[in-house]
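Student: What follows is a structure written as C-alpha cells; I'll ask about it next.
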Amino acid sequence: MARAVVTLPAQAKRGEIVEIKTLAQHTMETGFRRTQTGELIPRDIIRRFTCTYNGTEVFRVDLHPAIAANPLLVFTTVATETGMLSFQWVGDNGYTVTEIAPIRVE
Amino acid sequence: MTTRRQFLLATGGVGLSVGTSGIQAQMAPNEAALRRAAYQEALRKVVGDAQVRRGRVKLTLPPLIDNGNSVPLSVAVESPMTAADHVKAIHVFTEKNPLPDVVSVTLGPRAGRAGISTRVRLADSQTVLAVAQMSDGSFWSDSAEVVVTLSACLEEGLI
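Those sequence lines, one after another, are chains C and L.
Just so we're aligned, residue 86 is where the first sequence starts under this note's numbering, counting upward by one.
Just so we're aligned, residue 333 is where the second sequence starts under this note's numbering, counting upward by one.
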C-alpha cells in the first residue's frame, strides 16, 4: 500500500508564505544492504517529488538512497490564488503516488 | 614479566592516543579515498568550474547523532526570492556515504522561502555540505561536522 500524507493550511492570505509538510510511506531501500544469506537487496527508492500549484511546478526534489525511510519533506510556497496543490512521488518499480490538497486564498 | 606500572603506562598510552586522534574513521583507507573522489566528482558535476563561496546558506544538523538511519537535516538560504534574485537549486552532499548525493532541490520565486527540511541517512562521522545555486549563477555553501555513533547505509562486512 502506497500512502502519503500532506499537511498545509486550508486557507491563506494572498502573498502569504505557507509551509507544506509531506510524508510518504516508503522503505527507501538503499541497494547497499544484504540479507542474512548475503544477497544484495535491490534498490527501491522514491526518485522524485514534485509539487505543482494550479498546474505550475513550484517545488521539485530529487531523492537519493541517503534519504531516510518514509521521506519527510518540509518546504514553503507563496499562496497566489485559490486552487489545487498537487503532490507527486515517483520511484523505482513503478511507484507513483499523487495527492491533491485544496487551498483557499483571500 | 610485565609489572603493574608498565602495564598501566602501556594501556594509558593507548587510551591517550585514541582520545586525542579525534573522530575515528570506520572504514578502510582506500574506501575512504574512493568515496572522497566520488564526492569531489558529484560536487564538480553541479558546480562546474565556478567558485563556491561560504555564506548565505545555513545547514542545520544535530552535532551528535545516535542513529544515522534518520537524521533531521534542514537547509535555509538567505535570498529575497524575487523573479530577479532567487535560489535556483539546493544540493546536499556527504563525504563518506556510499553515494555522495543526498538531495537535490529545484525551486524558484514561487517557493517564497528558500529552504527544505528532511531526514537523511549518514554512514559515518563526516562533513555534510550544502550548496545553493543562485539565479545569477553564483554558488554559496555551508558545511556541518557530525559525529555518528550508529551508522546507516551499512555495506558488506559491517552488518
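Here a beta-carbon is modelled for each residue, glycine too, at the ideal position from N, C-alpha and C.
These numbers were taken from a predicted model, which means no experiment stands behind them.
Assign residue 180/C to one of three DSSP states: helix, strand, or coil.
Tutor: Coil, per DSSP.
Student: Could you round the C-beta distance between residue 438/L and residue 460/L to whole angstroms and report it? I think they count as a contact, below 8 Å.
Tutor: Incorrect: roughly 20 Å between the Cβ atoms, too far for contact.
Student: Give me the Cα-Cα distance between residue 468/L and residue 122/C, rounded to the nearest whole angstrom.
Tutor: The straight-line gap from Cα to Cα measures roughly 52 Å.
Student: Which residue's Cα is closest to the Cα of residue 145/C: 139/C, 153/C, 132/C and 126/C?
Tutor: Among 139/C, 153/C, 132/C and 126/C, the Cα nearest to that of residue 145/C belongs to 132/C.
Student: Only counting the same chain, and skipping five residues up and downstream in sequence, which positions put a Cβ closer than 6 Å to that of residue 391/L?
Tutor: Once the five neighbours on either side are set aside, the close Cβ partners of residue 391/L are 407, 462, 474 and 476.
Student: What is the DSSP secondary structure of residue 132/C, reduced to helix, strand or coil?
Tutor: Strand, per DSSP.
Student: If you scan the stretch 116-178 of chain C from start to end, which runs of the beta strand (DSSP E) of 3 or more residues do you find wholly inside it?
Tutor: Listed in chain order, they are 131-138, 141-148, 157-163 and 168-176.
Student: Quick one: list the residues of chain L neighbouring residue 157/C, beta-carbon separation under 8 Å, in chain order.
Tutor: Here the neighbours are 449, 450 and 451.
Student: Within 8 Å of any Cβ in chain A, is that where the Cβ of residue 160/C sits?
Tutor: In the structure shown, chain A does not exist; the protein chains are C and L.
Student: Given a cut-off of 8 Å on the beta-carbon distance, is the pair residue 159/C and residue 449/L in contact?
Tutor: Going by C-beta atoms, residue 159/C is nearer than 8 Å to residue 449/L.
Student: Keeping to the same chain, check which residues put their C-beta closer than 6 Å to that of residue 402/L; ignore five residues upstream and five downstream.
Tutor: Excluding residues within five positions, the ones whose Cβ falls inside 6 Å are 451.
Student: Is residue 479/L near residue 423/L, with beta carbons less than 8 Å apart?
Tutor: No, these two residues do not count as a Cβ contact at 8 Å.
Student: How many angstroms separate the CA atom of residue 125/C from the CA atom of residue 435/L?
Tutor: Roughly 24 Å separates the two Cα atoms.
Student: Taking C-beta pairs closer than 8 Å, name the residues in chain C that residue 395/L reaches, listed in chain order.
Tutor: Here the premise fails: no neighbours, minimum Cβ distance about 18 Å.
Student: Please report how far the alpha carbon of residue 161/C lies from the alpha carbon of residue 443/L, in whole angstroms.
Tutor: Roughly 5 Å between the two C-alpha positions.
Student: Can you check whether the CB of residue 409/L is closer than 8 Å to the CB of residue 464/L?
Tutor: Yes, these two residues count as a Cβ contact at 8 Å.
Student: Just confirm the distance between the C-beta atoms of residue 385/L and residue 472/L, as a whole number of angstroms; I'd bet it's less than 8 Å.
Tutor: 6 Å between Cβ atoms; contact.
Student: Determine, using beta carbons only, whether residue 108/C and residue 155/C come nearer to each other than 8 Å.
Tutor: Yes. Within cutoff.
Student: Let me check one thing: in DSSP terms, what residues is residue 108/C bridge-paired to?
Tutor: Answer by DSSP bridge pairing, in chain order: 90/C and 157/C.
Student: Excluding sequence positions up to five away, which residues of its chain have a Cβ less than 6 Å from the Cβ of residue 481/L?
Tutor: The residues are 398.
Student: Please state the DSSP three-state secondary structure of residue 454/L.
Tutor: DSSP places residue 454/L in coil when its eight states are reduced to three.
Student: Using the beta-carbon of each residue, which ones in chain L are nearer than 7 Å to residue 129/C?
Tutor: What residue 129/C touches in chain L: nothing, since even the nearest Cβ is about 14 Å away.
Student: Looking only at its own chain, which residues have a Cβ that is under 6 Å from the Cβ of residue 60/C, when we skip the five neighbours before and after it?
Tutor: Residue 60/C lies beyond the residue range present for chain C, which begins at 86 and ends at 191; the question has no answer from this structure.
Student: Who are the Cβ neighbours of residue 171/C in its own chain at under 7 Å, not counting the five residues just before and after it?
Tutor: Answer for residue 171/C: 137, 183 and 185, listed in chain order.
Student: Compute the Euclidean distance between the alpha carbons of residue 383/L and residue 369/L, then round it to the nearest angstrom.
Tutor: C-alpha separation (whole angstroms): 19 Å.
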